[in-house]
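Shown next, in structure tokens, is the structure this report addresses.
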Amino acid sequence: MRQYKALISLVCLGFGLAVIGQSVFIPFEPVPAKVTESNLTALPRSSDRPPRYRSSFTYEYIYRDRQYTSKQYAYFGRNRGEAVCRYNVGDTLTAYVNQHQPSFAVINRHPSVFAYALAILGSLMLVHTLLDYVPALANQRWFQKIYARLGALIGITVFFGGLAYFGYYLVLATHC
């Protein structure tokens, strides 16, 4: 069981840090962009269920004398609903273009809270897993308290993090 806990913690930590690291270390260049599509489309559903929406967001930008089109609002995450709520067709905004891959641009170049939450969760789980490998401390009362509290902190992080993400998605999916 320990190896699965270690694997899950490393995957969470690695993915979170990869997204955060790439957003920090990739050189982005700001360029003007223009919104060409920004709308919410109601999806058909039965009348007893709340409505669901599909958001479409597209913008164009010119980088080094070449025109590009992008649908990517945030560096990582499904945030088109947020973009649709903020921008209308024809609005001018700043796009951040990846200098090494000009076809990739974003409006919000900061990684989502989800990436930070994964990195924190992965870190907590990794520390908890590493504590499993210290048998000399296993019988110490203070160690058992720390181990139990760290486990509770991981559980609370998963619960409230999931609840917050669900709430955020629910609000963005249904309101502008």
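Numbering (the numbering used here), first residue to last: 683 to 858.
Every residue, glycine too, gets a C-beta built ideally from N, C-alpha and C.
All of these numbers come straight from a predicted model, not from anything done at the bench.
With a contact defined as Cβ atoms closer than 8 Å, P709 and Y750 miss out at about 17 Å. The three-state secondary structure of Q704, taken from DSSP, is helix.
Collapsing the DSSP output to three states places Y757 in coil.
If the five residues before and after V771 are omitted, its C-beta is found closer than 7 Å to the C-beta atoms of V717, T718, E719, S720, all from its own chain and listed in chain order.
Taking 8 Å as the upper bound for CB-CB distance, Y755 and I702 are not in contact here, some 18 Å apart. For R831, the secondary structure class from DSSP, reduced to helix, strand or coil, is helix. Residue nearest to F739 within the set L692, N780, L722, A820 is L722 (criterion: CA-CA distance). For the stretch 699-753, the continuous beta strand (DSSP E) assignments of 3+ residues that do not extend past its boundaries occur at 710-725, 734-745, 748-752, in sequence order.
For A799, the uninterrupted alpha helix (DSSP H) run begins and ends at 795-814, by DSSP. For V766, the uninterrupted alpha helix (DSSP H) segment begins and ends at 762-768. Nearest in C-alpha terms to G698, of all of L812, V795, G763, F707, is V795. Between the stretch 829-842 and the stretch 726-741 there are fewer than three inter-stretch CB-CB distances shorter than 8 Å, so the stretches are not counted as touching.
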